[in-house]
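All remarks here apply to the structure that follows.
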Amino acid sequence: MSSTHPIKDQLALLVGEALEVVAPDSPVSLEIERPKNALHGDFSSNAAMQLARPLKQNPRALAQKILVELPASPLIAKAEIAGAGFINFHLTPAAWHGIVRRIRAAGAGYGRGNAGTGRRVLVEFVSANPTGPLHVGHGRQAALGDALCNLFAAQGWDVTREFYYNDAGVQIATLASSVQARARGLKPGDAAWPETAYNGDYIADIAADFVAKKTVRADDREVTASGRIDDLDAIREFAVAYLRHEQDLDLKAFAVKFDHFYLESSLYTSGRVDAAVRKLIANGKTYEQDGALWLRTTEYGDDKDRVMRKSDGSYTYFVPDVAYHIAKWERGFERAINIQGTDHHGTIARVRAGLQAVGLGIAEGYPDYLLHTMVRVMRGGEEVKISKRAGSYVTLRDLIDWTSKDAVRFFLLSRKPDTEYVFDVDLALAKNNDNPVYYVQYAHARICRVFEEWGAGAATLADAELAPLVAVHELALMQRLAEYPETVAAAAQELAPHLLVHYLVALAGDFHAWYNAEKFLVDDTATKHARLALADACRITIVNGLALLGVDAPETM
RNA sequence: CUGCCCGUAGCUCAACUGGAUAGAGCACCAGCCUUCUAAGCUGGGGGUUACAGGUUCGAUUCCUGUCGGGCAGGCCA
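Quick note: the first sequence uses the numbering used here, first residue -15, plus one each step.
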């Protein structure tokens, strides 16, 4: 287990050397931990406790032997045995000063790793069908997906962002007939208004532009309206392009950019769906019953077999999904991550079963899924009601307009994806410490302001002596800064961007506490330079962390 | 009824994936004060980690059951 923590790594090496003498043949998982209680030092090792059983020795006695063999190091002020057999390390201030130098030398590279170097991952997210503007749930996906991509890229992965959608299914047919009804002058509530139609006002906008023969250009297509109201195909094409363009604007406002748009219909036209079905049949994983074709998904842990091809000859929705994921695999993505709402969790077993059943050697558990729950919106102390039937719902762009791209991103990333989130619009607008985005961005702005006041650039601090950094707030801040790389690594590995959000809030808290306790621009030059260097390291880390979340770090606020 | 997810301070959430006395922020209480950016700062009270068992040196974390909440359970997507 590599920790990626600069100081833990060095301590692990030291303990490892001692273990080679004390217990050369007993492999222990060398983990250096940070004790919760400050009295237990800066770091601890439980190696002696792990070895007690296999070596049949008292853990405290083992700890003593390890201590004796521990190489001397300028990092360690004191190492002692405590509790059941922990070895606790108390570090010298100089050990922490190395962090500041390391951060300032690495700059934008601080926190980057190489765990994914040479590996390709495809992240599929948003994937909204073009039937309306993006809503806040899509916003959560967009924030999660983009942050995850940034995190993987920071670990060296070759990342592709993909948006998958259907431009030809039942929902799209409904969209087309809704626009057609509007183009004919009908409104929701009229006797002739189709019962299943979408009622939103935006449908009328599309109809008006279609009649006016306008041209719309989306990121992946361009269509000019014919204006012929009886041509449902033409209406469908125009409406799809129109709403794709609307979604592009939503995504642009949210600063999310996709590498590819993948069409479900292309899986049919390219023959991929048929090929996948033939493969499943040839492998004996299917059977006919009641006029339908079934897939034996129970062979792969599903609780019942699933219909692939309905008795009317069309495929159920997960068949193209299987074909799509075969394509992902064949395109060379050893890893695929899908971000979806928890309401779709039923598809996971089916898609994975289909991928195993085709027998192409696709890794078990491919693809990964990151599921998220719904988002509710509070404004003025009341919940903003979302009613799809009435055609009124809070769009992603509403939320961005009411607050800001940064607030929406930060807030939507601040909770574990699988817990329900209530977005508080008033809190997102608050300019005080209750607002976590403000709190973090303000820490950055404060540092920038101090440097402006000082009047020279951070580069002039290259040779700054850091010995004056010994105050408790300074040590706490340096400890926090040292944890940044492993936080980024964990957030990527566990598909958990919220870990980085919590980290940044804590880092900002450490900074503000220090700022409140000490003045930086003091008369003593050595102290001043040391503090400015630490502030600069803090600034670099905040900028790097916010960038991974897709949040800006303004210099003034 | 079945499957998946969740349950931690009054509220919103953490807890480095099995470590030592479970931590922050709101809110509450008590002081302080306006300084490089101000809309505050410092301290304090607050917990049987839903409940009951189990696994082991050690459990918020892993296993079983119960209770409570969310989402699913279509030849819909």
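We put the beta carbon where it would ideally sit given N, CA and C, even for glycine.
Cα separation between residue i and residue j?
{"i": "Arg399", "j": "Tyr405", "result": "7 Å"}
{"i": "Ala2", "j": "Pro55", "result": "7 Å"}
{"i": "Ser161", "j": "Val240", "result": "31 Å"}
{"i": "Ala131", "j": "Ala7", "result": "43 Å"}
{"i": "Leu380", "j": "Gly123", "result": "6 Å"}
{"i": "Gly493", "j": "Ala22", "result": "18 Å"}
{"i": "Met(-15)", "j": "Gly69", "result": "Here Met(-15) scores only 36 on pLDDT, less than 50, and its place in the model is too uncertain to base an answer on."}
{"i": "Asp203", "j": "Ile(-9)", "result": "46 Å"}
{"i": "Glu230", "j": "Asp274", "result": "43 Å"}
{"i": "Ile588", "j": "Gln164", "result": "Only positions -15 to 541 of the chain appear in the structure, and residue 588 is not among them; the question remains open."}
{"i": "Ile420", "j": "Val489", "result": "According to the sequence displayed, residue 420 carries Pro and not Ile. Pro420 and Val489: Cα-Cα distance of roughly 6 Å."}
{"i": "Gly0", "j": "Arg18", "result": "17 Å"}
{"i": "Val110", "j": "Leu135", "result": "18 Å"}
{"i": "Val359", "j": "Asp410", "result": "16 Å"}
{"i": "Val207", "j": "Thr101", "result": "40 Å"}
{"i": "Thr282", "j": "Thr270", "result": "11 Å"}
{"i": "Glu64", "j": "Ala311", "result": "57 Å"}
{"i": "Ala138", "j": "Gly129", "result": "14 Å"}
{"i": "Arg373", "j": "Val224", "result": "Caution is warranted here: a pLDDT of 48 is assigned to Arg373, below 50, making its placement in the model unreliable, and the coordinate value is therefore given only provisionally. Computed Cα separation, rounded: 20 Å."}
{"i": "His244", "j": "Glu318", "result": "17 Å"}
{"i": "Phe242", "j": "Leu533", "result": "16 Å"}
{"i": "Val472", "j": "Arg96", "result": "8 Å"}
{"i": "Glu478", "j": "Leu35", "result": "29 Å"}
{"i": "Val84", "j": "Ala521", "result": "6 Å"}
{"i": "Gly364", "j": "Ala391", "result": "17 Å"}
Tell me the residue span of the beta strand (DSSP E) that contains residue i.
{"i": "Glu146", "result": "142 to 149"}
{"i": "Ala429", "result": "Premise fails: Ala429 lies in the alpha helix (DSSP H), 420 to 438, not in any beta strand (DSSP E)."}
{"i": "Gln340", "result": "No beta strand (DSSP E) holds Gln340; the alpha helix (DSSP H) holding it covers 330 to 341."}
{"i": "His356", "result": "352 to 356"}
{"i": "Thr270", "result": "270 to 273"}
{"i": "Leu397", "result": "From DSSP, Leu397 is part of no beta strand (DSSP E); its letter is neither H nor E."}
{"i": "Tyr94", "result": "Segment: none, Tyr94 is in no beta strand (DSSP E) and carries neither H nor E."}
{"i": "Thr199", "result": "199 to 202"}
{"i": "Phe407", "result": "405 to 408"}
Go ahead and pull the three-state DSSP assignment for residue i.
{"i": "Arg168", "result": "coil"}
{"i": "Thr253", "result": "helix"}
{"i": "Trp278", "result": "strand"}
{"i": "His(-11)", "result": "coil"}
{"i": "Tyr468", "result": "helix"}
{"i": "Tyr246", "result": "strand"}
{"i": "Arg373", "result": "Confidence is the limiting factor: at Arg373 the pLDDT is only 48, short of 50, which leaves the residue's position unreliable and the question unanswerable from this model."}
{"i": "Arg212", "result": "coil"}
{"i": "Trp504", "result": "With the sequence shown as reference, residue 504 is identified as Phe, and Trp is not the correct amino acid for it. The answer is coil: DSSP assigns Phe504 none of H, G, I, E or B."}
{"i": "Leu(-5)", "result": "helix"}
{"i": "Glu64", "result": "strand"}
{"i": "Met541", "result": "coil"}
{"i": "Ala231", "result": "Going by the sequence as given, residue 231 is Gln instead of Ala. Helix at Gln231."}
{"i": "Gln139", "result": "coil"}
With distance defined between alpha-carbon atoms, name the residue in the options nearest to residue i.
{"i": "Thr413", "options": "His486, Thr387, Glu221", "result": "Here residue 413 turns out to be Leu, not Thr, going by the sequence shown. Considering only alpha carbons, the answer is Thr387."}
{"i": "Leu106", "options": "Asp327, Asp142, Arg523", "result": "Asp142"}
{"i": "Ala276", "options": "Ala(-4), Ala514, Ala347, Ser298", "result": "Ser298"}
{"i": "Lys263", "options": "Asp234, Val306, Leu227", "result": "Val306"}
{"i": "Thr300", "options": "Val261, Ala320, Ala521", "result": "Val261"}
{"i": "Gly91", "options": "Asn42, Val535, Leu518", "result": "Leu518"}
{"i": "Leu(-3)", "options": "Glu53, Tyr426, Gly25, Ala191", "result": "Glu53"}
{"i": "Lys279", "options": "Asn113, Ala333, Arg430, Pro469", "result": "Going by the sequence as given, residue 279 is Leu instead of Lys. Nearest C-alpha to Leu279: Ala333."}
{"i": "Leu227", "options": "Tyr186, Pro401, Ala218", "result": "Tyr186"}
{"i": "Ala192", "options": "Asp536, Ser210, Gln125", "result": "Ser210"}
{"i": "Tyr148", "options": "Tyr94, Ala451, Ile323, Asn98", "result": "Ile323"}
{"i": "Leu(-5)", "options": "Ala66, Asp9, Thr76", "result": "Thr76"}
{"i": "Asn417", "options": "Ala480, Glu367, His496", "result": "His496"}
Just reading off the alpha helix (DSSP H) that residue i is part of, what are its end residues?
{"i": "Trp498", "result": "482 to 501"}
{"i": "Val105", "result": "Val105 -> not in any alpha helix (DSSP H); beta strand (DSSP E) instead, spanning 104 to 108."}
{"i": "Arg37", "result": "31 to 39"}
{"i": "Phe317", "result": "Per DSSP, Phe317 belongs to no alpha helix (DSSP H) and is neither H nor E."}
{"i": "Leu75", "result": "Careful: Leu75 lies outside any alpha helix (DSSP H), inside the beta strand (DSSP E) at 70 to 75."}
{"i": "Asp385", "result": "380 to 386"}
{"i": "Arg18", "result": "It is not in any alpha helix (DSSP H) - Arg18 carries neither H nor E in the DSSP assignment."}
| query | Three or more beta-carbon pairs under 8 Å between the stretch 290 to 307 and the stretch 328 to 344, yes or no? | reply | Taking one beta carbon from each stretch, the stretch 290 to 307 and the stretch 328 to 344 have 3 or more pairs nearer than 8 Å; the two touch.
| message | Does the structure place the stretch 63 to 79 close enough to the stretch 101 to 115 that three or more beta carbon pairs sit under 8 Å? | response | The stretch 101 to 115, when compared against the stretch 63 to 79, does not touch it at the 8 Å Cβ threshold.
| Using 8 Å as the threshold, is the stretch 324 to 335 in touch with the stretch 348 to 360, meaning 3 or more CB pairs across them? | The way I'd put it, the stretch 324 to 335 does touch the stretch 348 to 360; three or more beta-carbon pairs between them come closer than 8 Å.
| message | Closer than 8 Å is the cut-off here; do at least three beta carbon pairs connect the stretch 461 to 471 with the stretch 76 to 91? | response | With three or more CB-CB distances shorter than 8 Å, the stretch 461 to 471 counts as touching the stretch 76 to 91.
| field | Segment contact flag, the stretch 22 to 41 with the stretch 500 to 516, C-beta cutoff 8 Å, min 3 pairs | value | These segments do not touch.
| said: Quick check: the stretch 512 to 526 against the stretch 438 to 445, are at least 3 beta-carbon pairs closer than 8 Å? | reply: A contact exists between the stretch 438 to 445 and the stretch 512 to 526.
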